[in-house]
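Residue numbers (the numbering used here), protein chains in the order written: chain A, 1 to 347; chain B, 348 to 694. Ideal Cβ positions, reconstructed from N, Cα and C, are used throughout, including at glycine. Quick caveat: nothing in here was measured; it's all calculated off a predicted structure. Following: one structure in structure tokens, then a few remarks.
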DNA sequence: CTGTTAGCGCGTTCAG
DNA sequence: CTGAACGCGCTAACAG
């Protein structure tokens with residue numbers, strides 16, 4: 001049709017009124033007669049007028065958008081977080097500007113900078129694995145831009161944050177194993193320099209104490225990265241004389257590896273050995289036997305984080321030195337065959 | 348630290364130069380001495396100056412951001428598309444504004460409107476299932492904003508688009524079954540009012556002709572929505588006298604249901620019946636037997652779409668009435684046990 | 001209830 | 001090489 005952007009001015013000229021009148025009419029200002037409001041809106045429609053958000057934002061110093069930085073978007077967990085975030089921000093009228101750090105610190109810093117340049121109203125971030133320095137986040141705080149960390153957070157900073165309750169849920173998981181009669185519980189954990197795994201490990205250790213079980217260093221594996229490693233480790237464990245009767249894994253992939261190896265070694269699950277995973281991946285209900293796991297709630301984590309952020313954005317002026325929250329989202333134990341000894345098998 | 352935004356003007360005052368000089372120095376304008384450039388940059392850094400993108404955008408009518416609308420972000424497929432998109436747009440200096448339609452037409456229209464208001468440089472969209480009317484997209488075209496459809500496209504519009512090659516890949520899948528000696532091939536398809544399934548169905552039908560196999564209406568199931576339905580249907584099929592010897596499913600979930608039922612009925616896969624899925628979900632390599640499937644390349648779909656969009660953005664003025672492309676991204680057959688009759692079993 | 005005026009922060013003429 | 005002045009589109013005082 002046409003190239004020329006039609007502005008508020010064009011509408012004003014068309015109707016022989018001032019631009020302010022048009023502006024006010026379009027935003028439903030109270031001091032405008034209903035007649036002119038209607039007239040203006042009709043004209044705007046007719047002329048095919050599109051408001052220019054940018055100009056408005058410049059004027060009132062607020063672009064209604066929120067920046068989100070995360071390590072990688074293409075994981076079930078993260079994409080569900082975004083889903084949860086969007087559920088809150090969309091109805092509130094905010095756009096989401098999404099950036100990936102790709103687990104790289106420099107990218108993360110760049111992302112922060114780019115979001116600040118774009119005048120976002122607030123920032124939500126899940127830290128990259130590389131991130132140890134938090135100066136870039138401090139910049140955000142110094143500029144008084146609301147900030148919320150989610151999932152991958154940092155202890156170096158006093159900010160709002162929302163995380164999965166790794167610690168308590170692991171205690172619950174180990175307690176469940178204990179309740180099923182397992183007394184020699186091993187752990188295959190992801191690298192504990194990552195908070196998530198650190199907390200699960202701590203939960204494991206404390207749960208042992210709670211259940212008055214003895215800790216055996218030979219059954220504690222830190223830094224297990226994938227299925228292959230899990231398989232190798234399992235093989236080794238069960239070639240020793242003193243073997244565990246349950247294995248808690250900090251991820252379902254790891255648990256799958258364990259399960260496969262046990263099957264291959266003809267060790268019965270859950271009778272001889274119990275196996276428990278974490279994250280409740282889709283495949284966990286079709287493994288042989290089906291896999292008990294811990295289901296996280298990424299959507300809730302996202303929603304909570306978004307709610308907190310919106311709150312700080314709204315109350316930016318009111319409370320100056322408010323207290324920062326740390327919210328723990330409670331996951332759920334999903335008990336399936338791989339740890340069910342005392343009851344009849346499910347399904 | 349401070350509340351006050353520090354602007355180009357502050358830097359200018361600080362150095363006793365004009366704002367234009369600062370502006371030019373910061374953008375590396377050629378007619379500025381290196382000395383002053385350096386001086387200005389130093390000062391900017393020192394004063395902790397952050398450029399205001401919004402003001403700049405208003406000035407030159409371009410906000411470097413791209414709008415993305417999709418039905419739901421929390422699927423493996425879609426989040427991988429975004430990953431692919433980001434891979435292209437990030438280095439090019441564009442922000443991504445992401446919106447979800449939640450498979451709802453009104454939301455989609457609203458999203459378009461909101462993105463237009465935000466003055467995005469271009470829009471990428473994957474249509475909601477509800478969308479039959481495309482007036483909102485026509486608006487985008489009329490305003491001369493570059494537009495690319497991906498995955499869920501429409502035939503009503505002459506625009507650039509990028510899709511998975513459902514048709515040809517299905518032909519390849521059926522041909523593979525044929526090559527394994529399967530001659531009575533059934534299909535369990537998702538609802539064919541959705542393009543994706545329509546094309547897979549058409550591929551199936553044409554493949555039968557190509558292989559000179561007879562079409563049997565009793566073996567064609569349209570609108571299979573989930574695993575449960577797949578299980579029921581499978582049960583029914585194999586209670587009849589005339590049974591197929593292979594089942595092609597337009598999704599892995601469906602295939603899983605089929606597999607489970609066949610196992611339960613003690614019908615041997617792949618010996619008696621072959622089963623093939625589509626989309627290569629993570630669980631497909633741990634089913635019993637492992638499931639042959641078709642692996643799509645969502646990241647490539649995203650990247651391709653993004654590249655085309657950037658191209659149109661750059662060349663906006665040059666070529667006025669350019670031809671619109673439709674790119675088919677070729678998926679890959681993943682052959683596993685469930686369809687491997689003639690060769691030794693894999694793994 | 002409406003019009004006039006004055007910027008928001010930046011880039012870009014036009015003059016030196 | 002640099003400065004003065006204007007305007008992008010919109011909103012918010014300040015008048016009437």
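Here residue 381 (chain B) is exposed: its Cβ has fewer than 16 other Cβ atoms, across all protein chains shown, within 10 Å.
For the stretch 391-407 of chain B, the set of residues with a beta-carbon nearer than 8 angstroms to any beta-carbon of chain A comprises 397, 398, 399, 400, 401, 402, 404 and 405, in chain order. Taking the Cα positions, residue 648 (chain B) is about 31 angstroms away from residue 254 (chain A). The alpha carbon of residue 425 (chain B) has as its nearest neighbour, out of B:685, B:650 and B:688, the alpha carbon of B:650. The residue among B:406, B:639, B:509 and B:433 with its C-alpha nearest the C-alpha of residue 675 (chain B) is B:509.
Runs of beta strand (DSSP E) with 3 or more residues, each lying fully within the stretch 527-599 of chain B, are found at 532-535 and 593-596, listed in chain order. The distance from the Cβ of residue 11 (chain A) to that of residue 56 (chain A) is about 15 angstroms, inconsistent with a contact at the 8 angstroms cut-off. Remark: fewer than three beta-carbon pairs, one from each stretch, lie closer than 8 angstroms, so the stretch 90-106 of chain A and the stretch 276-296 of chain A are not flagged as touching.
Each of B:544, B:592 and B:571 was checked against the Cα of residue 563 (chain B), and the nearest Cα belongs to B:592. In this structure the stretch 111-121 of chain A touches the stretch 64-73 of chain A; the number of beta carbon pairs closer than 8 angstroms is three or more. Residue range 105-117 is occupied by the alpha helix (DSSP H) that includes residue 108 (chain A). Taking a C-beta cut-off of 8 angstroms against chain B, the contacting residues of the stretch 82-109 of chain A are 82, 83, 86, 90, 95, 96, 97, 98, 99 and 100, listed in chain order. Per DSSP, residue 164 (chain A) is one residue of the beta strand (DSSP E) stretching across 160-164. Within chain A, the residues placing a beta-carbon under 7 angstroms from that of residue 464 (chain B) are 50, 51 and 53, ordered along the chain.
Per DSSP, reduced to three states, the secondary structure at residue 292 (chain A) is strand. Take the alpha-carbon of residue 452 (chain B) and the one of residue 190 (chain A): they are about 43 angstroms apart.
Following the DSSP letters along the chain, one finds residue 621 (chain B) inside the beta strand (DSSP E) bounded by residues 621-623. Rounded to the nearest angstrom, the gap between the Cα atoms of residue 240 (chain A) and residue 219 (chain A) is 11 angstroms.
Interface residue (Cβ-Cβ distance to chain B less than 8 angstroms): residue 150 (chain A) is not classified as such. For residue 680 (chain B), the enclosing beta strand (DSSP E) begins and ends at 679-681. Judged by beta-carbon spacing, residue 627 (chain B) lies within the 8 angstroms limit of residue 681 (chain B), meaning their Cβ atoms are closer than that value.
In the assembly as shown, residue 160 (chain A) is a buried residue. Its beta-carbon has 16 or more other beta-carbons within 10 Å. Between the stretch 492-500 of chain B and the stretch 520-532 of chain B there are fewer than three C-beta pairs closer than 8 angstroms, too few to call the two in contact. Relative to residue 645 (chain B), the option among A:27, A:311 and A:74 whose CA is nearest is A:74. For residue 70 (chain A), there is no enclosing alpha helix (DSSP H); the residue is part of the beta strand (DSSP E) that begins and ends at 65-70. Rounded to whole angstroms, residue 23 (chain A) and residue 493 (chain B) show a C-alpha spacing of 28 angstroms. Remark: C-beta atoms of residue 444 (chain B) and residue 417 (chain B) do not approach each other more closely than 8 angstroms. Taking a Cβ-Cβ cut-off of 9 angstroms, residue 610 (chain B) has no neighbours in chain A, whose nearest Cβ is about 11 angstroms from it.
Per DSSP, the beta bridge partners of residue 124 (chain A) are A:68 and A:148. For residue 441 (chain B), no alpha helix (DSSP H) run applies, since DSSP gives it neither H nor E. Residue contact check for residue 73 (chain A) against chain B: a CB pair falls below 8 angstroms. Proximity to residue 136 (chain A) across A:109, A:148, A:144 and A:128 peaks at A:109, based on C-alpha coordinates. Rounded to whole angstroms, residue 573 (chain B) and residue 609 (chain B) show a C-alpha spacing of 16 angstroms. Taking 8 angstroms as the cut-off, the beta carbon of residue 274 (chain A) is found closer than this to the beta carbon of residue 338 (chain A). Within the stretch 616-641 of chain B, contact with chain A at the beta-carbon level (separation under 8 angstroms) is assigned to 628, 629, 630, 633, 634 and 635. Within its own chain, the residues whose Cβ lies closer than 7 angstroms to the Cβ of residue 672 (chain B), once the five positions on either side in sequence are excluded, are 507 and 655, listed in chain order.
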